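See structure below.
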Ligand SMILES: Nc1nc2c(ncn2[C@@H]2O[C@H](COP(=O)(O)OP(=O)(O)OP(=O)(O)O)[C@@H](O)[C@H]2O)c(=O)[nH]1
Ligand SMILES: [Mg+2]
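In our numbering, the protein residues as written are 42 to 319.
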């Protein structure tokens, strides 16, 4: 765990325990002292500064470079960002937020491709979003359709690819949409992870979705946490850069840059900076 909790009755001793366990570069994130039935109880939450440094480096605030007249990305066509992750993680909602948020790709031409043709109602959900957002939507059922679908939205600056939830049971269905995704060759693949997921389950999720070649993680449902510091534990378990987080169902407002929010949850930036919108 990134964050370790230490208990005791004497603050100095608990600090010493933390230092013994985590080494001299220990950073105290929070300490609390309260009395319970006349006994002083101390709780100290600490982390290794080195681990925090590694986490900070992964919270990259910069947006990807977008296509320009000079072809600055080294290839023509739109920037392609795909979203993959477990069922119900918030992929489709994030797709709509990315498409609409003025501080993300505001003013750019956006297109959407969905590979989610499996779940009943999934296509209708995306069609409704595309309609209200007034954005072109392409649906790819098999690999043969990908080149034509891509060509139809080739004039877009950014294409967002929505995918079905990874089914733990249906290997064939997963293999099929994952091969479709590879044929699209996205520039970035964001692994969408609900913050409410147990941190120790994160590595096996990353492994299960390795065929999608995730380049980033995107943590959703932060609003459902009892204690926001838990985002840091999820973030620390996924060894990928994290640019955005989501903290609610409201499209597009509940999407924010990750850095200040995650460091803010740890008390490492001021609260005001930590809650600033995207
Ligand atoms: N509280 C909360 N709910 C969210 C957030 N993001 C999405 N949701 C809700 O989670 C539910 C599932 O969201 P979807 O976007 O459909 O999730 P998905 O990953 O596309 O789901 P599948 O396509 O079924 O795999 C919806 O009710 C969303 O409104 C978030 O950040 N916080
Ligand atoms: Mg979906």
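Even for Gly, the Cβ is constructed at its ideal location relative to N, Cα and C.
Bear in mind that the values here come from a model prediction, so they are computed numbers and not experimental data.
{"Query": "When DSSP labels each residue in this structure, what does residue 112 get in the three-state scheme?", "Result": "Any reading at residue 112 needs caution, since the residue's pLDDT is 48, under 50, leaving its predicted position unreliable; the model's value is listed next. DSSP places residue 112 in coil when its eight states are reduced to three."}
{"Query": "Going along the chain, which residues of its own chain have a beta-carbon closer than 8 Å to the beta-carbon of residue 164, five neighbours each way excluded?", "Result": "155, 157, 158, 180"}
{"Query": "Have a look at residue 221 and residue 208 and give me their C-alpha separation to the nearest angstrom.", "Result": "16 Å"}
{"Query": "Start and end of the beta strand (DSSP E) containing residue 89?", "Result": "80-89"}
{"Query": "I need the boundaries of the alpha helix (DSSP H) containing residue 267, first residue and last residue.", "Result": "Run containing residue 267: none; DSSP gives neither H nor E here."}
{"Query": "Can residue 85 and residue 261 be called in contact, C-beta distance under 8 Å?", "Result": "no"}
{"Query": "From which residue to which residue does the alpha helix (DSSP H) around residue 104 run?", "Result": "Element bounds for residue 104: n/a, residue is neither H nor E."}
{"Query": "With distances taken Cα to Cα, identify the nearest neighbour of residue 215 among 250, 237, 191, 244.", "Result": "250"}
{"Query": "Verify whether the separation of the beta carbon atoms of residue 194 and residue 119 is less than 8 Å.", "Result": "yes"}
{"Query": "Nearest CA to the CA of residue 171: which residue from 148, 97, 141?", "Result": "141"}
{"Query": "In whole angstroms, what separates the C-alpha of residue 268 from that of residue 189?", "Result": "46 Å"}
{"Query": "For residue 240, I'd like the list of residues in its chain whose CB is within less than 8 Å of its CB, leaving aside the five on either flank, ordered along the chain.", "Result": "42, 271, 274, 275, 277, 278"}
{"Query": "Just to check, is the beta-carbon of residue 133 closer than 7 Å to a non-hydrogen atom of ligand 1?", "Result": "yes"}
{"Query": "How far does the alpha helix (DSSP H) with residue 188 in it reach, from first residue to last?", "Result": "187-193"}
{"Query": "Let me check one thing: in DSSP terms, what residues is residue 158 bridge-paired to?", "Result": "Partner(s): none; residue 158 has no beta bridge."}
{"Query": "Relative to ligand 1, is the shortest distance from any of its heavy atoms to the C-beta of residue 128 smaller than 7 Å?", "Result": "yes"}
{"Query": "Give me the residue from 232, 205, 236 with the minimum Cα distance to residue 166.", "Result": "205"}
{"Query": "I'd like the span of the alpha helix (DSSP H) that includes residue 134, first residue to last.", "Result": "132-141"}
{"Query": "Compute the Euclidean distance between the alpha carbons of residue 258 and residue 79, then round it to the nearest angstrom.", "Result": "46 Å"}
{"Query": "Can you find the residues in the same chain that come closer than 6 Å, C-beta to C-beta, to residue 47, ignoring five residues on each side of it along the sequence?", "Result": "55, 58, 59, 85"}
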